[in-house]
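Inspection log for the structure reproduced underneath, given as structure tokens.
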Amino acid sequence: MKKVKISTSTLLSYAYVTLCCFLLMLPFLTTFYRSLLSPRKGFTIENYWKMAGIFWPKVGLSAYLAVITVALDLILAIPAAFALIRYEFRGKRFLTLLITAVWYVPGISYALAMILALYFFFKPLLNIGAFIATFTCGFLPIMLMSCIVAFRNLDPAYEEAAMCLGAGKLKTFFYIVLPLIGPGISTGILLTFILAFNEFITSFLLMAPTGIETAPVKVFDDISHAGMHGFIAAEAAILQIMSLTICFVYLKILGTRYLRGTVLF
Amino acid sequence: MMKVNIQLKHILPYLLLLPSLIVSICFFLLPFILLFIVSLTNRASFFFAPEWTALNYYKAVTRYSPDFYNTLLLSGLGATLDIIIGYPFAYLMSRRIRRFNDAFRSFLLIPLLGELYIAYGLWWLFLPTGPLAPILEFFGFSAIQLLYSPIAAAFALTIYTFPFAVMQMGVNLSQIDPILEEAAMCLGAGTLQRFFRVVIPLSLPGILSGWLMSFGWNIGAYAIPFLMGGVVLGHRILSVQIRSIALLMMNYGLAAALATVLVLISSALMYISLKITKGALI
């Protein structure tokens with residue numbers, strides 16, 4: 013009797029969690045379903061052929077921006093995370109807050125502030141550089157958080173052992189520390205890439221002064237011009253499928269272990 | 187020689203932080219200081235001959251008070267729905283779900299792809315030609331009534347900020363010792379009593395922090411209110427207004443004032459939220 017009761021509650025909890033996951037998937041599922049519909053033929057993939065030809069270069073541009081953002085953020089965040097974890101110094105909390113505060117600021121305000129700053133201080137950046145600067149600064153906190161988690165999980169004993177065996181500081185860093193924190197840092201790479209690739213609101217505002225349109229902004233533009241067309245659903249679906257595939261491959265290899273403490277609890 | 191070495195040790199952390207600090211100061215602190223300065227000038231006069239005025243803030247709280255009301259209403263509804271749906275999720279994930287825990291957890295990554303896709307997918311779902319309309323009509327609702335109502339927009343915002351609310355509550359729940367629940371059980375409390383008298387009071391800080399966090403995120407949403415809120419509600423929202431005032435009406439002073447207020451509200455909420463759950467990293 014007791015056993016049946018326990019299994020019922022377990023079943024209910026699994027059902028609830030599955031329902032929540034379904035809700036999270038719902039927007040993607042509907043977009044994907046819509047992209048397969050055609051007014052005359054029923055289910056087809058013709059919407060994917062009808063996508064505007066200028067869409068693919070914009071996807072390329074988004075991917076390019078995302079890769080550059082990831083590279084720059086890595087260079088900035090690894091030393092910063094190392095300093096924050098291994099050293100005690102004055103003003104540590106304040107400096108951490110200064111670097112990470114941008115993550116908690118609404119994208120629309122940040123984009124407006126960046127437009128003003130670009131006009132007044134960084135006029136040479138008023139091209140693709142505006143996007144790179146905004147994304148690099150805007151997603152630095154998420155990369156920093158991942159690197160901090162990675163360094164926290166790293167036992168200093170390995171470094172001490174390497175030092176005892178005669179390795180120099182730089183050699184220790186490149187041969188011992190970097191390979192050990194690699195998986196943790198890959199979380200930051202994943203999140204920064206996904207976020208920069210799909211960033212909408214800041215790109216949408218930066219389009220006004222620069223005239224450069226990224227793929228998510230193109231989707232939004234199509235929505236506001238053409239409304240509900242199959243090819244727009246196909247565009248949105250393609251972008252999501254690309255991002256989700258990257259996430260899936262990452263999770264298949266590493267699991268959610270290294271994501272905890274960054275965006276997952 | 188020794189002295190130089192000690193000094194290097196003191197400077198080293200600052201040196202390592204320096205590149206990030208330069209980027210943050212140039213592209214975060216400086217723009218926001220400029221935003222505040224521009225918010226004190228009339229229209230676009232800052233670009234030519236600044237006319238200093240505080241009228242923008244007065245306008246922001248008088249003429250644009252409906253926008254504040256709409257923004258706060260939608261964000262509050264979304265955040266509340268987040269707590270109602272997300273709290274059981276966070277509780278079950280931290281206490282009950284053992285198998286497939288990783289798989290369920292990874293679903294929380296999906297809303298990070300952005301609000302645009304959420305808005306688009308749900309927009310079609312609620313449209314009169316969409317798949318949900320026949321079901322809604324069966325229950326006596328008109329689909330269009332639901333689409334451009336606060337409920338539809340709040341539902342979309344709920345999905346958007348679900349991971350953030352769940353994370354704050356999950357951090358808090360994982361800090362609560364499960365022994366307390368076992369003790370309540372030993373003292374004769376039933377399942378429901380245990381949940382309502384022990385677990386919920388202990389996790390109130392987490393609930394508050396999750397609510398504030400998702401509220402702070404909801405405030406900045408653009409695509410969801412724009413596509414799902416309708417013209418009356420969704421286009422009179424702070425983020426939509428900031429863009430149209432700045433880039434279409436060229437009234438940079440007013441837009442900067444609205445943006446400053448938005449930043450102050452959302453960063454204050456999130457700061458309190460992070461203070462409550464000390465488990466979060468920053």
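Protein sequence lines, in the order shown, are assigned to chains S and Z.
Remember, the numbering used here sits 12 above the position in the first sequence when you count from 1.
Remember, the numbering used here sits 186 above the position in the second sequence when you count from 1.
Here a beta-carbon is modelled for each residue, glycine too, at the ideal position from N, C-alpha and C.
Output, in chain order, the set of chain S residues within a Cβ distance shorter than 7 Å of residue i.
{"i": "L313 (chain Z)", "result": "M240"}
{"i": "P217 (chain Z)", "result": "A125, M126, L128 and A129"}
{"i": "D288 (chain Z)", "result": "G267 and T268"}
{"i": "V449 (chain Z)", "result": "V117, P118 and S121"}
{"i": "P274 (chain Z)", "result": "Y28"}
{"i": "F348 (chain Z)", "result": "L36"}
Quick one: which chain S residues come within Cβ less than 8 Å of residue i?
{"i": "I337 (chain Z)", "result": "By Cβ distance, chain S contributes nothing, its closest Cβ being about 15 Å from I337 (chain Z), past 8 Å."}
{"i": "V224 (chain Z)", "result": "L128"}
{"i": "Y255 (chain Z)", "result": "Under the 8 Å cutoff, chain S gives no residues; its nearest Cβ is about 17 Å from Y255 (chain Z)."}
{"i": "Y334 (chain Z)", "result": "In chain order: nothing, as chain S lies at least about 14 Å away."}
Establish whether the CB of residue i and some CB of chain S are separated by less than 7 Å.
{"i": "F401 (chain Z)", "result": "no"}
{"i": "M187 (chain Z)", "result": "Low confidence applies here, because M187 (chain Z) scores a pLDDT of 48, under 50, leaving its location unreliable and the question unanswered by this model."}
{"i": "L221 (chain Z)", "result": "yes"}
{"i": "I468 (chain Z)", "result": "Since pLDDT at I468 (chain Z) reaches only 44, below the 50 mark, its modelled position is unreliable, and no value is offered."}
{"i": "M371 (chain Z)", "result": "no"}
{"i": "R282 (chain Z)", "result": "yes"}
{"i": "M435 (chain Z)", "result": "no"}
{"i": "F213 (chain Z)", "result": "yes"}
{"i": "I428 (chain Z)", "result": "yes"}
{"i": "P387 (chain Z)", "result": "no"}
{"i": "F381 (chain Z)", "result": "no"}
{"i": "S459 (chain Z)", "result": "no"}
{"i": "G416 (chain Z)", "result": "no"}
{"i": "A472 (chain Z)", "result": "Coverage of chain Z is limited to positions 187 through 468, which leaves residue 472 (chain Z) absent and any answer about it impossible."}
Hey, does residue i have any beta-carbon neighbour from chain Z nearer than 7 Å?
{"i": "C33 (chain S)", "result": "yes"}
{"i": "P69 (chain S)", "result": "no"}
{"i": "L77 (chain S)", "result": "no"}
{"i": "F232 (chain S)", "result": "yes"}
{"i": "T20 (chain S)", "result": "no"}
{"i": "T81 (chain S)", "result": "no"}
{"i": "I250 (chain S)", "result": "no"}
{"i": "M219 (chain S)", "result": "no"}
{"i": "R52 (chain S)", "result": "no"}
{"i": "L110 (chain S)", "result": "yes"}
{"i": "L263 (chain S)", "result": "yes"}
{"i": "P91 (chain S)", "result": "yes"}
{"i": "S74 (chain S)", "result": "no"}
{"i": "M13 (chain S)", "result": "Unreliable placement is indicated for M13 (chain S), whose pLDDT of 47 sits below 50; no coordinate value is reported for it."}
{"i": "L88 (chain S)", "result": "yes"}
{"i": "L36 (chain S)", "result": "yes"}
{"i": "T56 (chain S)", "result": "no"}
{"i": "T43 (chain S)", "result": "yes"}
{"i": "C259 (chain S)", "result": "yes"}
I need the boundaries of the alpha helix (DSSP H) containing residue i, first residue and last residue.
{"i": "G242 (chain S)", "result": "G242 to L266"}
{"i": "E237 (chain Z)", "result": "It is not in any alpha helix (DSSP H) - E237 (chain Z) carries neither H nor E in the DSSP assignment."}
{"i": "K179 (chain Z)", "result": "As shown, chain Z starts at 187 and ends at 468. That puts residue 179 (chain Z) outside it, with no answer to give."}
{"i": "N287 (chain Z)", "result": "N287 to S292"}
{"i": "E225 (chain S)", "result": "From DSSP, E225 (chain S) is part of no alpha helix (DSSP H); its letter is neither H nor E."}
{"i": "S231 (chain Z)", "result": "No alpha helix (DSSP H) holds S231 (chain Z); DSSP gives it neither H nor E."}
{"i": "F94 (chain S)", "result": "F67 to R98"}
{"i": "W310 (chain Z)", "result": "E301 to F312"}
{"i": "P118 (chain S)", "result": "Looking at the DSSP string, P118 (chain S) is not in any alpha helix (DSSP H), and its letter there is neither H nor E."}
{"i": "E367 (chain Z)", "result": "P364 to C372"}
{"i": "D268 (chain Z)", "result": "S251 to R281"}
Quick one: list the residues of chain Z neighbouring residue i, beta-carbon separation under 9 Å, in chain order.
{"i": "F40 (chain S)", "result": "I296, L299, Y303, I304 and G307"}
{"i": "I235 (chain S)", "result": "L302, A305, Y306, W309, A409 and L413"}
{"i": "F133 (chain S)", "result": "C212, L216, P217 and L220"}
{"i": "A246 (chain S)", "result": "Near A246 (chain S) there are no residues of chain Z at all, since even the closest Cβ is about 12 Å away, more than 9 Å."}
Does residue i get closer than 7 Å to chain C when you measure Cβ to Cβ?
{"i": "S47 (chain S)", "result": "Checking the listed chains, one finds no chain C in this structure; the protein chains it contains are S and Z."}
How would you list, in chain order, the residues of chain Z whose beta-carbon sits under 7 Å from the beta-carbon of residue i?
{"i": "P228 (chain S)", "result": "G300 and L302"}
{"i": "L107 (chain S)", "result": "L203 and L207"}
Which residues in chain S sit within 9 Å of residue i, going by Cβ to Cβ distance?
{"i": "S452 (chain Z)", "result": "Y116, V117, P118 and S121"}
Quiz prompt | Residues in the region 188-217 of chain S having any Cβ partner in chain Z nearer than 8 Å | solution = Residues L203, I206, L207, N210, E211, F212, I213, F216 and L217.
Quiz item: For the region 296-310 of chain Z, which residues have a beta carbon sitting closer than 9 Å to at least one beta carbon of chain S?
Solution: Along the region 296-310 of chain Z, going in chain order, the ones with a CB nearer than 9 Å to a CB of chain S are I296, P297, L298, L299, G300, E301, L302, Y303, I304, A305, Y306, G307, L308, W309 and W310.
Quiz item: Mind listing which residues of the region 93-105 of chain S have their C-beta closer than 7 Å to chain Z's C-betas, in chain order?
Solution: Those would be F94, A95, Y99 and F101, in chain order.
Quiz prompt | Cβ-based contacts, 9 Å cut-off: residues of the region 135-161 of chain S near chain Z | solution = A145, T146, T148, C149, G150, L152, P153, L156, M157, I160 and V161: these are the residues of the region 135-161 of chain S whose beta carbon lies less than 9 Å from some beta carbon of chain Z, given in chain order.
Quiz prompt | Sufficient close CB pairs (3 or more, under 8 Å) joining the region 378-389 of chain Z to the region 334-351 of chain Z | solution = No, the region 378-389 of chain Z is not in contact with the region 334-351 of chain Z.
Quiz prompt | the region 237-249 of chain Z: positions lying closer than 8 Å to chain S by Cβ | solution = The residues in question: there are none.
Self-check item: Given 8 Å, three or more beta-carbon pairs between the region 49-61 of chain S and the region 103-123 of chain S
Solution: Output reads no: the region 103-123 of chain S does not touch the region 49-61 of chain S.
Quiz item: Is there contact between the region 345-353 of chain Z and the region 33-43 of chain S, where contact requires at least three CB pairs shorter than 8 Å?
Solution: With the cut-off at 8 Å, the region 345-353 of chain Z and the region 33-43 of chain S touch.
Quiz item: Taking one C-beta from the region 238-255 of chain S and one from the region 261-277 of chain Z each time, how about it: are there three or more such pairs within less than 8 Å?
Solution: The region 238-255 of chain S, when compared against the region 261-277 of chain Z, does not touch it at the 8 Å Cβ threshold.
Exercise. Give a yes or no on contact between the region 433-445 of chain Z and the region 123-139 of chain S, applying the rule of three or more CB pairs nearer than 8 Å.
Key: Taking a cut-off of 8 Å on C-beta distances, the region 433-445 of chain Z touches the region 123-139 of chain S, as three or more cross pairs fall below it.
Quiz prompt | Stretch-stretch touch, CB-based, cutoff 8 Å, three pairs: the region 234-243 of chain Z with the region 315-324 of chain Z | solution = In short, these stretches do not touch, since the Cβ pair count stays below three.
Quiz item: Are the region 89-109 of chain S and the region 265-273 of chain S in contact at 8 Å, needing three or more beta carbon pairs?
Solution: Fewer than three beta-carbon pairs drawn from the region 89-109 of chain S and the region 265-273 of chain S are found closer than 8 Å, and the two stretches are therefore not classed as touching.
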